[in-house]
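Residue numbers (my numbering), protein chains in the order written: chain H, -16 to 725; chain Z, 227 to 580. Ideal Cβ positions, reconstructed from N, Cα and C, are used throughout, including at glycine.
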């Protein structure tokens, strides 16, 4: 055997050994492959199970799920995603995500960012922006929230994207409801706080109406209510919210129809889903439903606003053009607001009343201060007016003391005293007349008289001043025989005052016109002048006591300014009216007196109405005056005698009894505080002495309390006067209640 | 559209004489060796490109000492007294013998790819030795502490690694030289060794993806060295059924010198799968006669009669100098033959396209 043969043999051996090893390796490799295959199959099976589990899981969850590959093509979608997108899984598979998952920004309606692109670009989980709307295959829109995340393999490599999304409508609705509740609470709090601190009635009404309109969901609301102003006048008002007020102007206040009445009667709220379908609707004239031009109302809600005292302040009314808007909740809210409103409106009303009372009191105080001020002015004026005549009288008195006066000088002095005392007498008469009018004790002695006589007397009385100031007087009296029922003395006083006034406040050389007219049962007497006139703002006050126009500083005549007040008082006693007209300062003045003619037959009228006739109508009485104060007794006696009565005086109780027993007496005027036998005792004795006699006892005392009056009455006195007694008043009493006619 | 029939070289081109002389005197330690290698590679690439070839190799200028042992050349656990491969011409080549484990490559062919790509932008094809060829280095008596099984595992790892590196370097194709197939059948006519070699190679190839396998190919020939072969006497048809079981997409089969080409072509045509392409040898490196383009054209047309044109390619039967010291064929002859292959293939393609 050659070396080559050996080598070939050895090579073959090696080759066979190799083959064996390779076969072994092959078997090992095959075994590895088989094991790998088994493992792979197991893995595949596991993966298949995982995939199935995964898909079942994704299909079972409530959220929608879509997966894509790295090209953004759909690989999977669960049933929820199918329902929301309108695509089924098989159709969607392989489609670009943007085709299946079409999303918009609901605010801009522009396509939203493709989440898959974002995830693939950034490799991070992304959440879609809010306000995303999914547009379904068939056009449906679903508000969604979602997120997208990368799907990574074990090496971390992104192999797809998974998107999870869900319908957020319910959540948004819940959030919206929550926001609305929050807003409701906030508005209720703000409304409550605002109206609690608000004292202005109209402001409360506005706040309440606006808040209730918003909270109830109404398109418009109104608060109809009634108010009483400071003059006691009742009027209806409304506040409108959510609509132009002009739309309600002219529609008036809701009437008490079966729909509105419960609200204005304070009954429970009326809530109707569709008022036009309500059986109470449309049955009442004149509109038979809503008035023309009324805002369309289908949903209706009305709630009364009831004060704490149970009175109905008004009603809150709400409307909406769509049926079924108002819910039990909105009713509860509005009822709550109405309760708030009632309290606030009560408070506001009380506050306003308090404010008005304060203002009224301030005004009254101001008026009192004004009266006080004018009284002071009057007193100063009175002092001045009284001093004026006193000065010459005093001078005359001094002349009488110091010199032996000649007869001529004496007559001059007597005239001075006579004139000045006459002037004082007129002043005092005016004062006393006015006092009587104010106290209601001035008695008119009405009779049928000819007006011409009164006018003549008045002209005569005023003539001295008219002549002195060179005025031209014109009297127009178309019916010279015109009669009326009046007190001639007082009516003369009225016209004389007006004529004197005209003469006084008209520059010399002016014109005065007295004109009479008759219409129906009224006689109108106008006294007009061309004088200084009266400022417009002073005209309403010219008839007030103590009033004198401030304008004529250089007036030619003085006076107390009582004249027009007397005119007013006397005319009023005649059931007439007096007014003044003037275009202002420098334009002259016109006084208009209107008097009722009266109803008695004209033939009973007397021909004269001169003041001198007064005494003729008085009933002379027999009077005994008893007072330990001689001056008091004597001065009263002089006055009463001046009034035409028969008067005797005594200065003690005993003398009074004696006088009573010795001569017939109608009246005994007696002081209470007499020594020895006081007035009470004297009266009792007199009464006991003549129990059947008609006699009137008048007590005049410094004690003026009720108990004193009672004591006097118990003692037998018929009347009680507190010192200093007004002699005029006393005389009026005697004449009015005359015991025996003369 | 004109038909394109791809045409690729097997790999080796005779080294320039200066390089051969330097290697013969001082081996890889010659002081000018790097310059000589560079000149040789650049010149090879330029001249091969000048032939019109669209796929180039570096001519295996740096494979020392040959296509079989380049990866373990210089390894300390190798002894030069391995098996002898006898060639028909009477000379023989001795294999190194592994003396101890572990088995490791000294170099990988990807370094050749990187070097070649410095000189051209055209695709570079790289040939690597098969694990079945290297398996013969393990001695029959075995190695203490390093079993044959361990060796086989190491061998497979190194082979797989080398292919991956080449692909990563951008090799257009990685061609596994499987010249021992026919030799295995010669050594073991029962076919067991051949089948085990196929299994061994497939164990390595199975580690690659289908996509990778499109860039992998297997070259088989009866072994060409000094114008001679080591196993041309084995019937091709004993090899081919097993050859096409290799898990690659490309097969480079020598055919030019086959006595009955049509018999072989018929077999190939009947057994080629649709995902496989076969590059038939249309030039013979061991034949000093330079083929004409027309001759090549005719051989292509002959092959196209059996093999679908879109699965057909052309190549040389073998490398022109698998051993570095082979001077039997000149570089000029090699490039002339390559030019003939390129031109003849084009002619055939044109003719088929008509």
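Euclidean distance between Cα positions of residue i and residue j
i	j	result
residue 483 of chain Z	residue 270 of chain Z	25 Å
residue 337 of chain H	residue 330 of chain H	10 Å
residue 436 of chain Z	residue 442 of chain Z	10 Å
residue 473 of chain H	residue 206 of chain H	58 Å
residue 240 of chain Z	residue 325 of chain Z	31 Å
residue 309 of chain H	residue 258 of chain H	12 Å
residue 382 of chain Z	residue 141 of chain H	34 Å
residue 364 of chain Z	residue 36 of chain H	54 Å
residue 618 of chain H	residue 448 of chain H	33 Å
residue 266 of chain Z	residue 245 of chain Z	8 Å
residue 258 of chain Z	residue 288 of chain Z	13 Å
residue 444 of chain H	residue 438 of chain H	10 Å
residue 322 of chain Z	residue 440 of chain Z	32 Å
residue 562 of chain Z	residue 293 of chain Z	22 Å
residue 119 of chain H	residue 155 of chain H	19 Å
residue 567 of chain Z	residue 446 of chain Z	18 Å
residue -2 of chain H	residue 24 of chain H	37 Å
residue 587 of chain H	residue 581 of chain H	Its pLDDT being 43, under 50, residue 587 of chain H is placed unreliably in this model, and the coordinates cannot settle the point.
Residue i - containing beta strand (DSSP E), residue span
i	result
residue 497 of chain H	494 to 502
residue 60 of chain H	57 to 60
residue 319 of chain Z	318 to 320
residue 579 of chain H	573 to 579
residue 124 of chain H	124 to 135
residue 159 of chain H	Where residue 159 of chain H is concerned, there is no enclosing beta strand (DSSP E), although the alpha helix (DSSP H) it sits in stretches over 152 to 180.
residue 512 of chain H	505 to 512
residue 47 of chain H	47 to 51
For residue i, three-class secondary structure by DSSP
i	result
residue 448 of chain H	helix
residue 613 of chain H	helix
residue 372 of chain Z	strand
residue 709 of chain H	coil
residue 585 of chain H	In this predicted model, residue 585 of chain H has a pLDDT of only 46, less than 50, meaning its place in the structure is not dependable; the value taken from the coordinates is given anyway. It is helical.
residue 423 of chain H	coil
residue 348 of chain Z	coil
residue 280 of chain Z	coil
residue 31 of chain H	helix
residue 599 of chain H	Residue confidence for residue 599 of chain H is low, a pLDDT of 37 falling below 50, so the modelled location carries little weight; the figure read from the coordinates is stated next. DSSP places residue 599 of chain H in helix when its eight states are reduced to three.
residue 433 of chain H	strand
residue 560 of chain H	strand
residue 291 of chain Z	coil
residue 326 of chain H	helix
Residue i, enclosing alpha helix (DSSP H) - first and last residue
i	result
residue 457 of chain H	Element bounds for residue 457 of chain H: not the alpha helix (DSSP H) but the beta strand (DSSP E), 455 to 459.
residue 274 of chain Z	259 to 276
residue 496 of chain Z	487 to 497
residue 579 of chain Z	557 to 579
residue 401 of chain Z	Taken as a continuous stretch (DSSP letters only), residue 401 of chain Z belongs to no alpha helix (DSSP H), being part of the beta strand (DSSP E) at 399 to 403.
residue 336 of chain Z	336 to 342
residue 555 of chain H	546 to 556
residue 251 of chain Z	243 to 252
| query | Quick check: the region 505 to 514 of chain H against the region 569 to 583 of chain H, are there 3 or more CB pairs under 8 Å? | reply | Cβ pair count under 8 Å is three or more, so yes.
| query | Would you call the region 451 to 471 of chain Z and the region 492 to 501 of chain Z touching, i.e. three or more CB-CB distances under 8 Å? | reply | Proximity of the region 451 to 471 of chain Z to the region 492 to 501 of chain Z meets the contact definition, three or more beta-carbon pairs being nearer than 8 Å.
| task | Spell out a yes or no on whether the region 122 to 131 of chain H and the region 85 to 104 of chain H are touching, meaning 3 or more CB-CB pairs, one atom from each, closer than 8 Å. | result | When Cβ pairs closer than 8 Å are counted between the two stretches, the region 122 to 131 of chain H is seen to touch the region 85 to 104 of chain H, the count reaching three or more.
| message | Quick check: the region 75 to 84 of chain H against the region 175 to 186 of chain H, are at least 3 beta-carbon pairs closer than 8 Å? | response | Fewer than three pairs of CB atoms, one per stretch, sit closer than 8 Å, so the region 175 to 186 of chain H makes no contact with the region 75 to 84 of chain H.
| query | Counting Cβ pairs, one atom from each stretch, are 3 or more of them under 8 Å apart for the region -1 to 13 of chain H and the region 405 to 425 of chain Z? | reply | Contact between the region -1 to 13 of chain H and the region 405 to 425 of chain Z is present, because at least three Cβ pairs lie under 8 Å.
| Where are the beta strand (DSSP E) runs, 3 residues long or more, that stay fully inside the region 243 to 309 of chain H, in chain order? | For the beta strand (DSSP E) assignment, the uninterrupted runs of no fewer than 3 residues enclosed by the region 243 to 309 of chain H are, from N- to C-terminal side, 253 to 255, 282 to 289, 295 to 303.
| message | Can you confirm whether the region 457 to 474 of chain H touches the region 423 to 441 of chain H when touching is taken to mean that 3 or more C-beta pairs between the two stretches lie within less than 8 Å? | response | A contact between stretches requires three or more CB pairs, one per stretch, nearer than 8 Å, and the region 423 to 441 of chain H meets this requirement with the region 457 to 474 of chain H.
| Minimum length 3: unbroken beta strand (DSSP E) runs contained in the region 413 to 495 of chain Z | Segments of the beta strand (DSSP E) lying fully in the region 413 to 495 of chain Z: 442 to 446, 476 to 479.
| field | beta strand (DSSP E) runs contained entirely in the region 615 to 682 of chain H, provided each spans 3 or more residues | value | Counting whole runs of 3 or more residues, the region 615 to 682 of chain H contains the beta strand (DSSP E) stretches 629 to 633, 650 to 654.
| query | Does the region 335 to 348 of chain Z come close enough to the region 361 to 378 of chain Z that 3 or more CB-CB pairs lie under 8 Å? | reply | The region 361 to 378 of chain Z makes no contact with the region 335 to 348 of chain Z; the number of CB pairs closer than 8 Å stays below 3.
| said: Would the region 391 to 411 of chain Z count as touching the region 352 to 366 of chain Z if we require 3 or more Cβ pairs under 8 Å? | reply: With a cut-off of 8 Å on Cβ pairs, the region 391 to 411 of chain Z is in contact with the region 352 to 366 of chain Z, counting three or more such pairs.
| query | Given 8 Å as the limit, is there contact between the region 26 to 33 of chain H and the region 58 to 65 of chain H, that is, 3 or more CB pairs closer than that? | reply | Not touching, per the Cβ criterion.
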